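In this note's numbering, the protein residues as written are 3 to 233. The beta-carbon is built from N, C-alpha and C at its ideal position, and this holds for glycine as well. This one's a predicted model, so the numbers in the text were calculated from it and none came from an experiment. Notes follow the structure.
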């Protein structure tokens, strides 16, 4: 899944992720004051927003898109740890450390970085809930950097928080809102990190669109309830 900070290398943004649509009025941001979100980029049906974070030079980022898929397909993809490296930009691997319940887990995620920078890892606690009426699915993730000891070859991401919000719009379309904030650890200039994070969120959501066409996601079922629409 999942959740992810970033650098510039040879003037191109490179991501160390931070962990982790419809009208803008429906956005449910980390800070619920929508006017503080700034539209940074729009590409291929994906909108990327940024927002200042209290007492930090690093920004929160949010990506929004509408995809032709089902709730079960998206949940299956986000929670498929074995496939995380196929769509989560710069993810090396994701592993489940502990399963508390089918909707509550601890995970460890490794991220590659540009040359000369140590790779990062993140420990996150994830919880999935579903509104019984609207069927909107929310998957939150929170960093737990002290859950297991740090590994010598990785810098542990010290702070991360965010969420996936999946809202059915009709029989065929789901609005996806991805929000994330993190601090990369080590010596990383916030200007470089913020520039890279924008690219990272966009690339991650673009990858998700592509991989959802795989049979195992298209036919996914049993994770959550789908909303039934009248014809």
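Which whole runs of the beta strand (DSSP E) in the region 109–145 are 3 residues long or more, in chain order? The region 109–145 contains these whole beta strand (DSSP E) runs: 121–132 and 139–145.
Problem - Cα-Cα separation between residue 60 and residue 133, rounded to whole angstroms - result: So the alpha carbons of these two residues sit roughly 31 Å apart.
Three-state secondary structure (DSSP) at residue 193? If DSSP states are grouped into helix, strand and coil, residue 193 belongs with the helices.
Based on the DSSP output, what are the partners of residue 67 in its beta bridges? 178, per the DSSP bridge assignment.
(request) With DSSP as the reference, label residue 211 as helix, strand or coil. (result) Correct three-state label for residue 211: helix.
Cβ pair count under 8 Å reaching 3, the region 76–96 against the region 212–232 = Touching, yes.
| said: Spatial neighbours of residue 44 within its chain, please: C-beta separation below 8 Å, excluding the five flanking residues on both sides. | reply: The residues 50, in chain order, have a CB closer than 8 Å to that of residue 44 in the same chain once the five nearest residues on each side in sequence are set aside.
Requested in this report: Tell me whether residue 216 sits in a helix, a strand or coil according to DSSP, three-state version.
Outcome: Coil at residue 216, not helix or strand.
TODO: Measure the Cβ-Cβ separation of residue 125 and residue 158 and say whether it is below 9 Å.
DONE: At a Cβ-Cβ threshold of 9 Å, residue 125 and residue 158 count as neighbours.
Sub-9 Å separation of residue 113 and residue 141 beta-carbons:
Not in contact: residue 113 and residue 141 (Cβ atoms no closer than 9 Å).
By the three-class DSSP mapping on this structure, what secondary structure does residue 198 have?
Of the three classes helix, strand and coil, the one that applies to residue 198 here is helix, per DSSP.
Self-check item: Cβ-based burial, residue 189 [other Cβ within 10 Å; buried from 16]
Solution: Exposed is the call here.
Cβ-based neighbour list, residue 13, same chain, cut-off 6 Å, excluding 5 preceding and 5 following
With a pLDDT of only 31 at residue 13, under 50, the local geometry of the prediction cannot be trusted, and no value is derived from it.
| query | Near residue 138, which residues of its chain fall below 6 Å by C-beta distance, leaving aside the five closest residues on each side in sequence? | reply | Result list for residue 138: 169, in chain order.
Open item on the list: Quick check: what's the CA-CA separation for residue 228 versus residue 72?
Closed with: Using only the alpha carbons, I get a separation of about 7 Å.
- Straight-line CA distance for residue 136 to residue 154? Roughly 45 Å between the two C-alpha positions.
So residue 143 packs on residue 165, CB below 8 Å; how close in whole Å? The C-beta separation of residue 143 from residue 165 comes to about 7 Å, placing the pair in contact by the 8 Å criterion.
TODO: Indicate the three-state DSSP secondary structure (helix, strand or coil) for residue 227 in the structure shown.
DONE: In the structure shown, residue 227 sits in coil (DSSP, three-state: anything other than H, G, I, E or B).
Query raised in the report: Quick one: Cα of residue 201 to Cα of residue 163, how far?
Result: Counting only the Cα atoms, residue 163 lies some 18 Å from residue 201.
inquiry  = Just to confirm before moving on: does the CB-CB distance between residue 213 and residue 65 stay below 9 Å?
reply    = With contacts defined by Cβ atoms closer than 9 Å, residue 213 and residue 65 do not form a contacting pair.
### Task
Select from 161, 152 and 131 the residue whose C-alpha is nearest the C-alpha of residue 145.
Of 161, 152 and 131, the smallest CA-CA separation from residue 145 is found for 161.
Check your understanding: Got a sec, what are the start and stop residues for the alpha helix (DSSP H) residue 165 sits in?
Key -> Segment 161–170 is the beta strand (DSSP E) holding residue 165; no alpha helix (DSSP H) there.
Secondary structure of residue 103, DSSP reduced to three states: If DSSP states are grouped into helix, strand and coil, residue 103 belongs with the strands.
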